[in-house]
Every structure is written in C-alpha cells, then in structure tokens.
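Numbering (our numbering), first residue to last: 3 to 837.
Read through the structure below, which is laid out as structure tokens, and then see the notes.
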C-alpha cells in the first residue's frame with residue numbers, strides 16, 4: 003500500500019483524503035509503524051553517481067583510435083625485433099596518457115571543492131512529539147515541521163501553512179518565491195502551480211508549516227529527475243567522432259598502401275620477409291606518432307586558457323565542444339538572471355526611480371523616494387549576517403538590500419523609532435505592519451503589502467513630504483502606476499504609514515485606518531550584467547540562443563525581450579503546448595522557437611534531443627536540479643558555479659564565478675582548439691605521407707629504402723616534435739569568432755586540406771628521391787645517401803611548419819615573432835637534426 007501510494011499525485015486530494023490514504027494523523031507515526039514502512043519503502047535517499055577512481059581516469063585516456071593504431075605499431079615493432087622503435091612509440095602514448103590524466107584529475111579535484119557534503123536533518127512529529135532526525139530515515143506518512151530556512155527533505159502535502167513561501171527555482175525554474183496554501187487543487191496542475199505541495203530539495207524562505215510526507219527517495223520529483231539522468235547515456239563529443247572517423251580512414255589508407263606495396267614486392271619476386279619489413283616501415287612512416295600527444299596538449303592548453311576566464315572544463319575532450327556548438331539552450335533563473343529578487347524601480351506618486359539606470363543619481367534629496375525606502379527597510383524582518391549577506395524571505399531581502407545601498411540601516415532607524423510590536427504578514431489580509439515609537443505620546447504604524455489592498459484603505463498620499471487628500475484623480479494615477487509595473491512582470495509591494503497616539507490600540511482590523519500612501523517598490527530577478535552581451539557575441543559567431551524557463555509565458559516574454567530574443571507569439575511555446583507534440587512534431591518546429599515557458603525537466607530533455615535530431619551541436623546551460631537531465635543529454639553541459647551539486651556534477655563545464663560571459667571565451671577557445679588541431683594534422687600528415695611516397699617510390703623503382711624505420715620515427719617524434727608542439731600554442735586568428743561553427747558531420751580535413759597535403763607530400767617525396775639517387779649513384783654510399791635524405795627531410799619539415807601557422811592566410815601575413823615558442827622549437831629542431 004505504502005509503496006504504491008508514494009508514486010501518486012496528491013495536490014488534488016483534500017487533507018482528510020491524504021491522511022486517510024497514507025493511514026496517518028497529525029500526531030505522526032509510532033516507532034513500530036515507522037520500522038514497518040521503512041522495510042516497504044526503503045531509505046529516503048537518491049542513488050549517488052560513482053566518483054571516477056584515479057585508475058578509471060588513467061585508463062580512459064586509452065579510449066582513442068589513434069592510440070590503438072600506435073599500440074598495434076608498437077606490438078609489430080616488438081615482434082620484428084625493432085625494440086627502439088617500439089619504445090619510442092610507447093613513450094609517445096605514455097606522454098599522451100599522462101597529460102590527459104593530470105588535466106582531468108585536476109578538474110575532478112576542483113569540482114570536489116565546489117561541492118559541499120551536508121547530511122540533511124528533518125524536524126518530524128512522531129507519537130505526538132517533535133524530534134530531529136536524519137532525513138534519510140523519513141517514511142511516507144511522517145509529519146514534518148517546516149520553518150524558514152529549512153530544506154525540504156521529501157515530497158509532502160501541506161496540512162498547515164502560515165505565511166509560507168518556498169524557493170523552488172532549483173526544481174521548477176520559478177524565479178519568484180511561491181506562496182503556499184492548503185486547499186485542494188484541480189487535477190492536472192503543472193508542478194510549479196501545485197501550491198499545496200512542497201518538494202524535496204526546495205527551501206522554505208518565509209513562514210512556517212506542517213506537511214505529511216507523500217514521497218521519498220526515487221519516488222520524489224527529484225527522484226524522477228535522477229531516474230532521467232541514469233537513463234540518459236553519455237555520447238561521444240563531436241571532436242571524438244571526427245577523430246574516430248579520421249583515425250579509421252587513416253588506418254584503412256595505411257593498410258591499403260601496405261597491402262599494395264606488399265603485392266608489388268611479391269610480384270617483383272622480392273623476399274617476403276624484406277617486403278613485410280618494408281610494409282612495417284611504410285606503416286611507421288604513415289602514422290603521425292606525434293598527433294595523439296599534440297591533440298591532448300592542445301586540449302589541455304585550451305582547458306587552462308578557459309580556466310583563466312573562471313570556467314572549469316571537467317573533461318579534456320569536452321574543451322573543444324563549445325567551439326562547434328550551433329545552439330545554446332539556456333535556463334533562465336540563476337543562469338541568465340541572478341537567481342534572486344532585486345528592487346529595480348521605486349515609484350513615489352509622480353516620481354520614478356529606475357534603480358539600474360539612475361542608481362548613480364542623487365535621489366537622497368527626494369523625500370518621497372527616500373521615505374518609501376525607509377518604510378521598506380524598517381517594516382522588515384530580514385537582516386544581514388556577519389558576512390554582510392541578507393537573511394530572510396526573498397522579498398524582504400531585496401527591500402533590505404536596496405535600503406542598505408542607499409545608506410539606510412534598520413538598526414539605526416529603530417534606534418530613533420524603536421519597534422514596539424509587529425503584525426506579521428498573512429495571505430488573508432495581505433500586509434505586514436510594525437508599530438514603532440515616535441515619542442512618549444505618539445507612535446507610528448509602518449505598513450507594507452499588496453498594492454491594491456493598501457490603496458483601497460488609504461485616505462491620503464504623500465508628495466514632497468506633505469499629506470494630500472487621495473482624491474479620485476490621485477487614486478487613478480496610482481492605479482496606473484501599479485498597472486504599468488505589473489505589465490512589466492514585476493513583483494510590486496506598496497508602503498504607507500499612519501500616526502496614532504500612544505494609547506491607541508492597533509491590531510489587524512484597524513492598522514490601515516486613515517493610511518497615508520507613500521510609494522511602490524517593484525522587484526524582479528534581474529538579468530546578469532553580461533547576459534545580453536554574451537548572447538549578442540555568440541550570435542555574431544553563428545551560435546543561436548534559446549531560453550528555456552519554468553516561469554510563466556509573460557515573464558519569459560519580458561526577459562526574452564530584454565535579451566534581444568524573438569518574442570512573437572509563434573516564437574514562444576509553453577509546456578502545455580509541448581505536451582501535445584510528439585517528438586517528430588517538436589523536431590519539425592524546434593528551430594522556430596526562441597523561448598520556452600512553464601517547462602518541466604522532461605520537456606528540456608526533449609528540446610535538446612529535437613535540436614540534435616537536426617545534426618546541431620547543442621550546449622545546455624543551467625543551475626538547478628531540473629536542468630541536470632538536459633545538461634547530460636546535450637553535447638556539452640554548462641553549469642553555473644552557484645548551482646546545485648547535482649548540476650555541477652553532471653556538467654562538462656562549470657562557470658566558477660557565475661560569469662555568463664565566460665561562455666564567449668569558452669566558445670572562442672573551443673574554436674582555437676579545433677583550428678590548432680587542424681594545423682597540426684596538416685603539418686604532420688604532410689610530413690608522414692612524404693615519407694610514405696618516398697619509400698613507395700624507391701620500392702617501385704627497385705631502389706634500397708631511402709630511410710630506415712628508426713630515422714622515420716626520429717623525424718616524426720623528435721625533429722617534428724618540437725615544432726608541432728609549439729604549433730599547439732598558436733593564438734586565435736581574428737576571423738575565428740565571425741565564422742559559423744563547424745558542422746557536426748564535416749571531417750577534420752576537407753577537400754582543400756587533402757589536396758594541400760597530397761601536393762606537399764608529392765613534391766617533397768620527389769625532391770627527396772632525386773637527392774637520394776644523386777648521392778647513392780655518385781658516392782655509392784647507402785648510409786651517406788640516407789643521412790642526406792634524413793637531414794633534408796628534417797630541415798624541410800622545420801621550415802614548412804611556418805606555412806601551417808594559418809590555414810586561412812599566406813605565411814607572409816603572419817607576424818614572425820607572434821609565436822616565440824615556434825621560433826625556439828625550430829631552432830632546437832635544427833640543432834638536434836644537424837648534430
């Protein structure tokens with residue numbers, strides 16, 4: 003019974019029905035019943051993802067087709083007795099593995115420092131008495147006590163709610179605090195609209211309450227998200243797929259060339275063992291042994307460059323993915339916005355203060371604005387902690403913060419007018435009041451609350467410090483101000499006051515009598531200062547931004563307009579509409595939608611998949627638990643540093659200081675990574691295939707091998723090693739952020755690059771054949787001829803590297819000294835090659 007009931011929907015049940023179905027009461031369960039239910043329902047905990055061990059990180063570095071090719075080459079070299087060749091190849095693999103391991107291990111350690119380990123507790127009523135227990139010992143039917151600051155330990159149906167507000171952004175994406183109540187709701191309500199329920203992982207921001215546990219562990223809303231996470235498979239990154247295809251293609255080409263040469267040799271009746279050794283020599287020549295290390299180093303350098311912008315790349319191979327991204331699906335609350343309420347406008351009858359644009363102006367001289375802020379500060383239960391952080395409900399924190407920014411302190415204000423008593427806020431009468439002492443004969447009632455209600459009770463308004471009668475025209479003007487603010491999707495609070503004699507008794511019924519209207523304060527969860535600029539910057543780079551939020555349509559539309567996103571009716575889709583579409587229908591329209599509102603975690607997952615079905619490379623950014631499945635499904639998941647531990651653990655990239663503009667740097671460095679990989683591939687393959695064609699040519703002509711396998715390895719790993727490693731340090735080219743992203747299916751080497759490699763390889767091979775023939779025929783010294791070819795090939799590759807510094811421009815358009823590491827590497831390579 004208990005196992006089945008915890009998975010049901012409870013918001014459409016009355017309190018009596020809920021208690022009856024769970025077979026419990028407001029006095030709680032007894033100990034024996036708790037034990038019985040725990041056996042049936044299990045512990046109240048979610049399965050934790052296993053942390054990668056050092057060994058697992060180490061062995062994951064071998065999952066690379068190029069590494070497999072090198073391992074095969076090393077094995078064959080051992081088999082043929084070429085131990086030095088084998089050791090050199092294994093050394094290249096070892097360097098690659100160590101660099102990758104060190105970088106990913108550092109990233110995992112940095113992430114561990116971000117995550118806090120907390121054992122949650124729950125205040126529960128059992129056998130009629132309150133007791134504090136470890137939250138994972140809760141069972142369905144337990145009665146839990148809710149207080150301001152409490153983290154909800156399980157899903158529960160509310161039994162009592164007194165001025166109860168919840169912060170549910172991490173679960174639903176709803177930015178504003180959610181007022182809770184206990185009445186039964188209609189069936190089919192969206193998660194964010196289930197105001198009689200509280201959910202595991204959300205926070206009590208204000209008030210108190212009592213609730214009965216309806217779901218624990220995997221049977222909670224968060225548990226369902228955890229299930230989606232486990233069902234979402236890790237897919238290879240676009241770069242991994244491209245490298246895999248490139249490696250396979252390279253492997254087939256090498257095998258094909260070796261096979262052709264072997265057949266030619268047999269046809270010419272050459273010794274089989276000799277031909278086998280020759281085939282191995284060709285294979286060694288064709289394999290760009292330094293490429294594996296170069297790719298790893300390029301990715302590691304990219305990780306470090308991104309880290310300088312306070313963004314942590316957790317996995318080495320993911321460093322490039324943002325550079326290939328074609329669309330960024332981003333959560334709103336806490337990602338594009340601050341994730342907390344802030345006062346953005348103050349209206350005192352005919353005076354308007356825009357906090358953002360007018361903050362630096364001197365409004366302290368305007369009595370009505372300052373009086374509005376003063377009342378909002380003193381009629382307030384929020385306070386600053388020792389670190390200067392505001393504590394309290396989201397609304398009161400915002401009011402306290404704006405007052406503090408304008409030099410107001412509740413403590414100093416209460417020194418002049420001490421608080422005598424408070425009438426706490428209640429959702430029934432929709433206001434809060436504090437009664438403060440003016441002098442021995444008079445006291446003042448400060449009030450804040452719902453604008454419409456306070457206006458209905460007001461008889462006067464304040465203008466320039468003078469009371470004026472609230473006539474019909476003035477009342478209409480205030481109504482218009484309220485309407486203008488609410489149309490902007492702002493949360494509006496009104497403030498006022500009245501003075502009375504010290505003997506006058508003040509209560510809920512008469513607190514608003516003869517109220518003087520003072521002003522309005524409008525709040526919202528504002529955009530981060532860099533959100534709009536970041537979206538514009540990535541748009542210039544050909545990357546589309548799509549906003550996905552749990553907020554309602556109008557709020558989403560308002561924020562979208564601020565961000566410069568399309569806000570036409572056809573460009574906005576709500577969760578209810580999304581539910582009516584199957585996956586094919588969604589994929590058909592997904593590119594037309596810029597804003598999604600009132601969506602669930604499953605909706606976000608479907609949106610990401612719909613974009614991927616078109617071949618797009620998708621980045622997903624978020625901070626809440628509800629973003630985690632979509633982050634995992636995306637080609638790269640990006641978490642805000644202040645986000646939940648689940649989100650940061652799921653993401654591939656973490657914005658450490660919540661700076662959204664770090665995304666631009668990450669996109670740019672991702673493109674630099676891909677650009678530099680292409681440069682190194684062109685450089686190394688041009689060199690490797692010139693050696694292949696050289697050996698093929700000599701064999702077809704019936705000449706001795708112009709190079710020995712050891713000499714080939716030396717050129718590939720030592721002579722070329724210094725320049726190609728320096729090539730990994732090339733900075734970005736100016737066009738990199740004005741070009742469109744790389745297509746997912748586009749290979750690393752396009753036709754133009756393949757022609758370039760073939761041309762360079764052919765010219766170099768022909769020139770080397772002439773050099774070999776000349777020295778061999780003139781001096782009749784095979785060792786001398788090989789040495790000259792060895793030296794000339796090495797010098798050629800050292801000079802050719804300068805042409806590979808850009809795949810867009812001529813060598814003469816690059817500043818010679820812009821990569822000093824390359825100059826040093828070429829000098830060192832010449833020294834090693836000639837000595």
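Each residue gets a CB set at the ideal place from its N, CA and C atoms; glycine is no exception.
Boundaries (first-last residue) of the beta strand (DSSP E) holding residue i
| i | result |
| --- | --- |
| residue 165 | 157-169 |
| residue 550 | 546-550 |
| residue 438 | 433-439 |
| residue 519 | 517-526 |
| residue 613 | Not the beta strand (DSSP E): residue 613 falls in the alpha helix (DSSP H), residues 603-614. |
| residue 356 | 353-356 |
| residue 313 | 313-315 |
| residue 723 | Looking at the DSSP string, residue 723 is not in any beta strand (DSSP E); the run it does join, the alpha helix (DSSP H), is 723-729. |
| residue 581 | From DSSP, residue 581 is part of no beta strand (DSSP E) but of the alpha helix (DSSP H) over 577-581. |
| residue 484 | Unbroken run through residue 484 is the alpha helix (DSSP H), 474-489; no beta strand (DSSP E). |
| residue 347 | 344-350 |
Where residue i falls: helix, strand or coil (DSSP)
| i | result |
| --- | --- |
| residue 247 | helix |
| residue 221 | helix |
| residue 197 | coil |
| residue 716 | helix |
| residue 819 | coil |
| residue 382 | coil |
| residue 778 | helix |
| residue 655 | strand |
| residue 120 | Model confidence at residue 120 stands at a pLDDT of 45, short of 50, so the residue's coordinates are unreliable; what they give is reported in the following sentence. In this structure, residue 120 counts as coil in the three-state DSSP scheme. |
| residue 332 | strand |
| residue 9 | In this predicted model, residue 9 has a pLDDT of only 48, less than 50, meaning its place in the structure is not dependable enough to derive any value. |
| residue 15 | coil |
| residue 29 | coil |
| residue 141 | coil |
| residue 757 | helix |
| residue 208 | strand |
Expected contact under 8 Å - CB spacing of residue i and residue j to nearest Å
| i | j | result |
| --- | --- | --- |
| residue 438 | residue 419 | 4 Å |
| residue 749 | residue 191 | Not a contact, Cβ separation roughly 50 Å. |
| residue 348 | residue 377 | The Cβ separation is near 11 Å, so there is no contact. |
| residue 218 | residue 46 | 4 Å |
Exposure of residue i, with buried meaning 16 or more beta-carbon neighbours within 10 Å
| i | result |
| --- | --- |
| residue 151 | exposed |
| residue 827 | buried |
| residue 739 | buried |
| residue 407 | exposed |
| residue 596 | buried |
| residue 269 | exposed |
| residue 352 | exposed |
| residue 706 | exposed |
| residue 818 | exposed |
| residue 214 | buried |
| residue 639 | buried |
| residue 120 | Note that residue 120 scores 45 on pLDDT, short of 50, meaning its location in the model is unreliable and no value can be drawn from it. |
| residue 770 | buried |
| residue 433 | buried |
| residue 722 | buried |
| residue 675 | buried |
| residue 673 | buried |
Residue-chain proximity (residue i, chain D), Cβ-Cβ < 7 Å
| i | result |
| --- | --- |
| residue 497 | Given the protein chain composition of this structure (a single chain), no chain D is represented. |
First and last residue of the uninterrupted alpha helix (DSSP H) at residue i
| i | result |
| --- | --- |
| residue 623 | No alpha helix (DSSP H) holds residue 623; the beta strand (DSSP E) holding it covers 620-624. |
| residue 807 | Neither: residue 807 is in no alpha helix (DSSP H) and is coded neither H nor E. |
| residue 34 | 33-43 |
| residue 750 | First-last for residue 750: undefined, no H or E at that position. |
| residue 666 | 664-702 |
| residue 454 | 453-459 |
Check whether the stretch 576-584 touches the stretch 274-288, taking contact to mean three or more Cβ pairs, one atom from each stretch, closer than 8 Å.
-> no
Take every Cβ of the stretch 530-538, pair it with every Cβ of the stretch 448-462, and state whether three or more of those distances are shorter than 8 Å.
-> no
Would the stretch 301-314 and the stretch 693-702 be scored as touching if the rule is three or more Cβ pairs under 8 Å?
-> no
Meets three-Cβ-pair contact criterion under 8 Å: the stretch 217-226 and the stretch 247-264 = no
Given 8 Å, three or more beta-carbon pairs between the stretch 620-639 and the stretch 650-657 = yes
The stretch 397-415 in contact with the stretch 131-144 per 3-pair CB rule at 8 Å = no
Inspect the CB distances between the stretch 660-669 and the stretch 534-554 and report whether three or more fall short of 8 Å.
-> yes
Do the stretch 544-561 and the stretch 599-606 touch if we need at least three Cβ pairs shorter than 8 Å?
-> yes
Between the stretch 478-487 and the stretch 498-511, do three or more beta carbon pairs fall short of 8 Å?
-> no
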